[in-house]
Structures are given as C-alpha cells and as structure tokens.
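First to last, the sequence lines map onto chains Y and F.
Here the first sequence is numbered in our numbering, starting from 77 and rising by one per residue.
Here the second sequence is numbered in our numbering, starting from 121 and rising by one per residue.
Please read the structure below before turning to the comments.
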Amino acid sequence: MEAAQEVKSKRPIPLSTNYAVAHAAKDLDVDVVAAYPITPQTTVVEKLSEFVANGELDAEFIHVESEHSALSATLAASLTGARAFTATASQGLALMHEILHVASGLRAPIVMSVAMRALSAPISIWNDQTDLFNARDAGWIIYFVHTAQEAYDTVIQAYRLAEDRGVMLPVMVGYDGYVMSHTTEPVVVEDRASVLKFAPKRPYPYRLDPDKPVTIGPIVPPEYYYELKYQQVKAMEGVPEKAEDVDREFQKAFGRGYGIMECYMCEGADALIVANASYAATLKSVLPDAWREGLKVGLLRLRLYRPFPAKHFVNYTSNVKSVLVIDRAISYGAPYQGPLANEIAGLKVREDLGFNLTSAVAGIGQRAMEPEDFLALARLAWEARTRRYPETIFYGVRE
Amino acid sequence: MKLPGWKEMTIGGVITNPGNSLEYKTGDWKVLMPVINQEKCIRCRICWYVCPDSAILELDKPYTTKAKRVYKISYDVNYDFCKGCGMCAQECPAKAIDMVPVEVS
Numbered sequence: 077m078e079a080a081q082e083v084k085s086k087r088p089i090p091l092s093t094n095y096a097v098a099h100a101a102k103d104l105d106v107d108v109v110a111a112y113p114i115t116p117q118t119t120v121v122e123k124l125s126e127f128v129a130n131g132e133l134d135a136e137f138i139h140v141e142s143e144h145s146a147l148s149a150t151l152a153a154s155l156t157g158a159r160a161f162t163a164t165a166s167q168g169l170a171l172m173h174e175i176l177h178v179a180s181g182l183r184a185p186i187v188m189s190v191a192m193r194a195l196s197a198p199i200s201i202w203n204d205q206t207d208l209f210n211a212r213d214a215g216w217i218i219y220f221v222h223t224a225q226e227a228y229d230t231v232i233q234a235y236r237l238a239e240d241r242g243v244m245l246p247v248m249v250g251y252d253g254y255v256m257s258h259t260t261e262p263v264v265v266e267d268r269a270s271v272l273k274f275a276p277k278r279p280y281p282y283r284l285d286p287d288k289p290v291t292i293g294p295i296v297p298p299e300y301y302y303e304l305k306y307q308q309v310k311a312m313e314g315v316p317e318k319a320e321d322v323d324r325e326f327q328k329a330f331g332r333g334y335g336i337m338e339c340y341m342c343e344g345a346d347a348l349i350v351a352n353a354s355y356a357a358t359l360k361s362v363l364p365d366a367w368r369e370g371l372k373v374g375l376l377r378l379r380l381y382r383p384f385p386a387k388h389f390v391n392y393t394s395n396v397k398s399v400l401v402i403d404r405a406i407s408y409g410a411p412y413q414g415p416l417a418n419e420i421a422g423l424k425v426r427e428d429l430g431f432n433l434t435s436a437v438a439g440i441g442q443r444a445m446e447p448e449d450f451l452a453l454a455r456l457a458w459e460a461r462t463r464r465y466p467e468t469i470f471y472g473v474r475e
Numbered sequence: 121m122k123l124p125g126w127k128e129m130t131i132g133g134v135i136t137n138p139g140n141s142l143e144y145k146t147g148d149w150k151v152l153m154p155v156i157n158q159e160k161c162i163r164c165r166i167c168w169y170v171c172p173d174s175a176i177l178e179l180d181k182p183y184t185t186k187a188k189r190v191y192k193i194s195y196d197v198n199y200d201f202c203k204g205c206g207m208c209a210q211e212c213p214a215k216a217i218d219m220v221p222v223e224v225s
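Written out as structure tokens, the structure reads:
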C-alpha cells in the first residue's frame, strides 16, 4: 500500500511473542495490570512487572492469588475508568471462566493476551488451543495472531476496538504457547506517543464517580435480561466492519496491516486449509512446496475469530472444491469433533457453499507437526476435492 | 407498562438513576395478602418489627373499637412492597392478621 511506504522504517528488536505483548501493553500506557503467572504466559507478567518496577510503565501492578482474582481485579479497574490489561493461559483461562462472562456482560473494554495451552488432565504444559476454544462463547472478541509483530500490533488495535463506544466488549488475543510465546522474532515497537495517538484512552463511560452515582452489575429480572444479552449480540455483529476500519487506520499510522481474515496463495487454488496462529505461519512456508507438487492448496488464516468473519469466509471459499479445517481442540462427541470445523459446517449450510468439508484435529498437547505433516494435510485437502471424509480425522495419533 | 426495547436500555444493565429502586414495586408476586383486623389488633408493633420488607405501616390514624377502646395509631400494609410471606400473621399474638388470597385481575 502507498501509505505503508510513507512510514519511516524502524529497526526491529528481537522479542518473543510474550515480550511483544508486554511491550504493547507498556506502549499503550495501561493503568492497571492484574495477572497471575502461568506457563507459558509467565514472561508477559514478568516483563510487565519489570516495566512497572523500573518506571517505564506508570501502572498499578496488582498481585493476586489466582486468575479468578486477576480478571476480577482487571474488570473492577476497567469499571473505574482505568485502561486495564491481563494475560493468562490454560488452567488460568479456565479459572477465569466465570468472570469472562461478567466482563463481557458488563461491557468492560479489557484486553487479555492468551498464550494458548492444553488443559489438564493429564497435565500438559504444552500448546494446543483447548483453553481458548472453551472460552469462545463467553462474549469476548477473539483474535488469533501468527507472528510476534502481529501480536504487538493486535494488542494495540484491540484497545482501540474494545473502547469504541459502539463496541464496548473485552478482547482476547490468542497465540500459541511455546511455539510463539517463547520463540524470538524481529519486532518493530512504536513510540508511546504514536501508539496513544492511534489508541487514545476512552474509558468505560459509566465509571465509578461519587458525583455521578451508578449501580453496576445489578440483578436483572426476566423482563430485562434478554434485551441486555441482545445488546451484546448487536455489538458483536458490528465488530467485523469496525475491526477492518481499525486495521486500515493502523496500516496508515504504522505501515502494517492484516485485515481480519487472510487468504494466502489463494489465487487459482482449488482447495483451502483453514488454520490459525503458528500453524498458519508454518503453512505459509510449506504451501509453495505443495504447489510445486501440483497441489493447488491455499491457506485461509483465521485472524478475527469472534465474531466470525462470515462474509469474508464466503468470498474466499465460494469457488473452491475442498476446505480442510485444522483444529487444535477437541469437541468430544460433536458431529465434527473439531470445534472450528463444526462452525464452518454451519456456515456451509447457511450459505449453501459447495465445497467438501474435511475436519482434521492435530497438534493436541503440542504433538509435533513437521513441514511434512502439513504437506500431508495439503495432499489430504487436495484429495478431498473429489472424496468426502465424513468423520473427523485425528491426524498423527498412534493406533 | 411498556417495557423498554434493547436500544433504549443502558449497556450492561447499568443503573444511572440512583435510588430508583423505590420505583420498582416488588410486591406483585404474592399469592396471599395480609389483612389487618383493626378490631382485634392490640397495637403491639410486632408485625412492624418482623416484616422483612418494611411493608407494615404505622399510621397516625386514631381508631376506636366497638368496645370503645381508643388507639392513637393504626397499622396497615404497603401492598406495593409486601411479598405475602405471612410472617406478620404468624407472629401476631392477637391473631389479628388474616392471609387472604389475592384476586388476580
């Protein structure tokens, strides 16, 4: 884009995705951080604690005894009008679950990063996406990011979106534990003034103020509850358009943009693989090999996940013969046992899309997926143009 | 009463009008309503004490019984907030409170 060229190029610094997220929170001048360390998110909290301790970030750092408290404190801070941030993963996100619904129901513009990890039992500290997919119906906006740079940029975009008066919803930014949280990439960080110019603080409008007393979180009888939940439905419906606007503005300001859904090597593709986060990054390096093999397979990278960008999905898939969805979570006993595949099956029916849908579960508990494995899935996606796989394929599991 | 639609309501159910709980009449769910018999009532105030909703009213309203006993006050019920729990009738030492079915209009 032209706008991109006008922006002076900056020298990137090496950051893990965890550190990139912490830098974003610092550059957004968040007022309150309440977080509890949990693998593999811990270094986000450590870094933010360091920023506060050495004066780089003037924020209240609240030490809490659990993630339930972490999100409760973050929510309360947000309701006082503070810009509040937290981060978690896995069991932590599960422990927050009750407050996830409270935060979205109260329309608090919180931003939270999630270094996605498997859930117990058995205990696994490694990556998959079960934690986040369990939280998908909590009324939060959800992004998946696939590079450390995108994580940094998306946390910035997230506040601008969350604090939009027409949105007023909390946002999760998800990335893969370890594979991204603990690997280092070059990241351009922006100066605080530019970040705050892009995302000026717009606090919660009914914040606690003794001069303007309000009641937040009253009990609501059946005559009113439904309408308040419908407000959330309508707020969510408006998000894709607003998220695209925010991304365009971001591109103008900083020279980097992502859209809300990315189609990679889609030109002339007859089959698509739907993937997110690090799998999307790996697929970008693998797909050229697939094309050399004659497999015209593209990547549909899910960036905005909630709300699901249905319009974009339909545009990208209306002419392909096969769509293979990679899930890194299991919806036990569901018609398709990959949660994302299930949703896409719904959209396929709603929009009368003609492709063959294949559901593949992979990478559970961070079972390694090598480039050859992605090539194998590309071959499967290609083959599925003319063959139907009605059952979810559990790729890589041993018999 | 016409209830507000979703566009008219404050997000998150925030109440921006302090003290408006007074406008919310909580007494519309009772099945039985207490009726105080002024003849039997001995003005002991026990109903006023035990009511969990402060729905017993102590009124400066004189009353003379058929036996010519004169009381300076009377007790009555604020039916807007009485939930019909019957504690007043249960505790009344004079058995002066009857719980009678509410007629549904």
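Glycine included, each C-beta is placed from N, C-alpha and C at the ideal position.
Hey, quick one: how far does the beta strand (DSSP E) through E377/Y stretch, first residue to last? As a position in the first sequence, residue 377/Y is number 301, starting the count at 1. Here the sequence assigns Arg to residue 377/Y, which means Glu is not the residue at that position. 373-378 is the extent of the beta strand (DSSP E) around R377/Y.
Cα-Cα separation between T230/Y and V128/Y, rounded to whole angstroms: The count along the first sequence starts at 1 and reaches residue 230/Y at position 154. The count along the first sequence starts at 1 and reaches residue 128/Y at position 52. Roughly 22 Å between the two C-alpha positions.
Going by other Cβ atoms of all chains shown within 10 Å of its Cβ, with 16 needed for buried, is N391/Y buried or exposed? Walking along the first sequence from the start, residue 391/Y turns up at place 315. With fewer than 16 other Cβ atoms within 10 Å, it is exposed.
Any C-beta of chain Y within less than 7 Å: which residues of the stretch 138-155 of chain F qualify? Residues P138.
Is it buried or exposed for I199/Y, if we count other Cβ within 10 angstroms and need 16 for buried? Here residue 199/Y refers to the residue found at position 123 when the first sequence is read from its first residue. The residue in question, I199/Y, is exposed, as its Cβ has fewer than 16 Cβ neighbours within 10 Å.
CB contact below 8 Å: M244/Y versus chain B: Among the protein chains of the structure shown, namely Y and F, there is no chain B.
Using 8 Å as the limit for Cβ to Cβ distance, is G125/F near chain Y? As a position in the second sequence, residue 125/F is number 5, starting the count at 1. Answer yes: the Cβ-Cβ gap between G125/F and chain Y drops below 8 Å somewhere.
If we ignore side chains and look at the alpha-carbon of each, how far apart do C205/F and N137/F end up? Here residue 205/F refers to the residue found at position 85 of the second sequence. Here residue 137/F refers to the residue found at position 17 of the second sequence. Cα to Cα, the separation comes out at about 29 Å.
By the 7 Å beta-carbon criterion, what residues does the stretch 279-292 of chain Y contribute toward chain F? Within the stretch 279-292 of chain Y, the qualifying residues are Y282, P289, V290, T291, I292.
Quick check: the Cα distance between L411/Y and R278/Y, rounded to an integer number of angstroms? For this step, residue 411/Y is matched to residue 335 along the first sequence. For this step, residue 278/Y is matched to residue 202 along the first sequence. The sequence shown places Pro at residue 411/Y, not Leu. In this model, P411/Y and R278/Y are separated by some 43 Å (Cα to Cα).
Could you check if Q205/Y is buried or exposed, using at least 16 other CB atoms within 10 Å of its CB as the buried criterion? If you number the first sequence from 1, residue 205/Y lands on position 129. A residue is called buried once 16 or more other Cβ atoms fall within 10 Å of its Cβ, and Q205/Y is buried on that count.
In whole angstroms, what separates the C-alpha of M153/F from that of D218/F? In the second sequence, the residue the question calls residue 153/F occupies position 33. In the second sequence, the residue the question calls residue 218/F occupies position 98. It is roughly 8 Å from the alpha-carbon of M153/F to the alpha-carbon of D218/F.
Residues in its own chain within less than 7 Å of I193/F by CB, not counting five upstream and five downstream? One-based indexing of the second sequence puts residue 193/F at position 73. Only R163, E178, L179, D180, K181 meet the Cβ criterion.
Could you tell me the alpha carbon to alpha carbon distance between A356/Y and K397/Y, rounded to whole angstroms? Residue numbering aside, residue 356/Y sits at position 280 when the first sequence is read from its first letter. Residue numbering aside, residue 397/Y sits at position 321 when the first sequence is read from its first letter. Going by the C-alpha atoms only, they are around 20 Å apart.
Any beta carbon of chain Y sitting closer than 8 Å to that of G204/F? Position 84 of the second sequence, counting from 1, holds the residue named residue 204/F. Residue contact with chain Y for G204/F: absent (no Cβ-Cβ distance below 8 Å to any residue of chain Y).
Residue from L363/Y, Y381/Y, G215/Y, H144/Y whose Cα sits closest to the Cα of G250/Y: Against the first sequence, residue 250/Y aligns to sequence position 174. Out of L363/Y, Y381/Y, G215/Y, H144/Y, Y381/Y has the C-alpha closest to the C-alpha of G250/Y.
Would you say M219/F lies against chain Y (beta-carbon separation less than 8 Å)? Along the second sequence, one-based indexing puts residue 219/F at 99. M219/F does not count as touching chain Y.
Cut-off 7 Å between Cβ atoms - residues of its own chain near T130/F, not counting five sequence neighbours on either side: In the second sequence, the residue the question calls residue 130/F occupies position 10. Hits under 7 Å: T136.
Can you tell which of T291/Y, A366/Y, L348/Y, S125/Y has the C-alpha that lies nearest to the C-alpha of T485/Y? Any property of residue 485/Y remains undetermined from this structure, which presents chain Y solely from 77 to 475.
Return the residues of the stretch 177-210 of chain F that lie within a Cβ-Cβ distance of less than 9 Å from chain Y, sorted by chain order. Answer in chain order: no residues at all.
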